[in-house]
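Okay, so the sequence shown: first residue is -4 according to the working numbering, each after it adds one. First up is the structure itself, then whatever we jot down about it.
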Amino acid sequence: MSRIVAVASPTPSTAPRTTLRRRDTFIAPLLASCLVRPARASLVDETSATRVFAETSKSVARVAVVAPNGEISGRGSGVVWYIDDAYAYIATNAHCVVKGNENEKLVVMLASGAAAALDKDASYFVNRSTDIGFLKVPIGSFGADAPVAAKIGTSDNLRVGQSAFSLGFEEDGAAVLSSGTINGLKRKIPSRNGVGLKGLIQTDAQVTEFTSGGALCDSAGRVIGLNVVAYAGSQKRDPQGVNFAIPIDAVRLAAEQM
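Shown next as structure tokens:
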């Protein structure tokens, strides 16, 4: 004859509490580590960003136009490329140096507040196919606050995932920095004049209409690209977080041809 043996089971109130305690013991360290690591990464990024801005903002210029009534409108940004005894050479986008009409006057402004109007003694070079432009401005036009040449790096050894910092001047004339990473290389987009721009750096560091022509820097403050705003009609999706820069080696080639 078979026997039925009764096996005592844990009460409902005991098992869930034990399970919860074990789960909490396991999850708590994971949550703690998740809370610590982003803070540490953010601190490193903040240190790099503040250093890059302090070192490079003095080598970034605002390109603007002055209307006959004296109203100033931002056209874009630029990078102080080279300085000799007589002139400052400023790299920017070609579309930033095209005046709307003959009554407007191009002006280059520095973070220090110094400004130089492009008169008959100034000249400029543009390559519309690459959207690269250079302004040649008499050094004395800036007065006592002479511009400082940027640290020019190379775009030859860039890596997807490395840090990138976009610098320029916004519409109100404020110097700004946006940090991010390099998301892609050798990208292609249509430009304002209908000619495709090739070999571009893609980054999620913000580039606007007004910071276009400014500097894209690495974490050492070296300029690795020239910001270029994506033509509004070139993307059918929301372009937020998708920004571009012309590799600095292409800008260097344009400078040699100038």
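Beta carbons: idealized from backbone N, C-alpha and C, even for Gly. These figures come from a predicted structure and were not determined experimentally.
Selection from the options that minimises the alpha carbon distance to residue i
i: Ala110; options: Glu99, Gly135, Ser52; result: Gly135
i: Ile78; options: Gln197, Val61, Ser124, Val143; result: Val143
i: Gly175; options: Leu195, Ile184, Ser161; result: Ser161
i: Phe120; options: Thr149, Ala145, Gly138, Ala86; result: Ala86
i: Ala169; options: Phe205, Ser150, Thr198; result: Phe205
i: Val224; options: Asp151, Thr198, Val218, Cys212; result: Thr198
i: Leu192; options: Arg57, Ala89, Gly163, Arg46; result: Ala89
i: Trp76; options: Asn122, Gly236, Lys53; result: Lys53
8 Å Cβ cutoff met for residue i and residue j
i: Gly208; j: Ser43; result: no
i: Ser118; j: Lys100; result: no
i: Ala210; j: Thr51; result: yes
i: Ile177; j: Leu153; result: yes
i: Ile147; j: Ile243; result: yes
i: Ala240; j: Thr125; result: no
i: Tyr84; j: Phe129; result: yes
i: Ile219; j: Ser150; result: yes
i: Val202; j: Gly179; result: no
C-alpha gap between residue i and residue j, whole angstroms
i: Leu105; j: Val246; result: 21 Å
i: Val103; j: Asp40; result: 30 Å
i: Leu25; j: Asp167; result: Confidence in Leu25 is poor, its pLDDT being 38 and thus under 50, which makes the residue's placement unreliable; the coordinate value appears in the next sentence. The straight-line gap from Cα to Cα measures roughly 45 Å.
i: Leu113; j: Asp140; result: 17 Å
i: Val74; j: Val55; result: 5 Å
i: Glu165; j: Gln252; result: 30 Å
i: Gly216; j: Gly65; result: 35 Å
i: Ser107; j: Asn222; result: 21 Å
i: Leu195; j: Ala49; result: 26 Å
i: Val92; j: Lys181; result: 25 Å
i: Asn96; j: Gln157; result: 41 Å
i: Asn238; j: Asp213; result: 15 Å
i: Phe137; j: Gly236; result: 35 Å
i: Ser28; j: Ala145; result: For Ser28, the pLDDT reaches just 39, beneath the cut-off of 50, and the residue's location in the model is therefore unreliable, although a value from the coordinates is still provided. Each residue's alpha carbon lies about 40 Å from the other.
i: Ile67; j: Arg57; result: 11 Å
i: Asn122; j: Pro133; result: 21 Å
i: Asp80; j: Gly163; result: 25 Å
i: Thr263; j: Val171; result: Given that the chain is displayed from residue -4 to residue 253, the structure contains no residue 263 and the question cannot be resolved.
i: Arg18; j: Ala159; result: Legend: pLDDT at Arg18 = 47, less than 50; position of this residue unreliable, value from coordinates given subsequently. One C-alpha to the other measures close to 40 Å.
i: Gln230; j: Val47; result: Here Gln230 scores only 48 on pLDDT, less than 50, and its place in the model should not be relied on; the value that follows carries that caveat. Approximately 30 Å, taken between the alpha carbons.
Assumed close pair residue i, residue j - CB separation to whole angstroms, cut-off 8 Å
i: Ala62; j: Arg70; result: Not a contact, Cβ separation roughly 12 Å.
For residue i, the residue or residues it bridges with in DSSP
i: Lys131; result: Tyr84, Ser118
i: Asn96; result: Partner(s): none; Asn96 has no beta bridge.
i: Arg57; result: Ser72, Met104
i: Phe239; result: Gln197, Val223
i: Val218; result: Ile147, Cys212
i: Pro142; result: Bridge partners of Pro142: none, in fact.
i: Ala250; result: Per DSSP, none; premise fails for Ala250.
i: Ala112; result: Val102
i: Gly191; result: Pro185
i: Val171; result: Gly163
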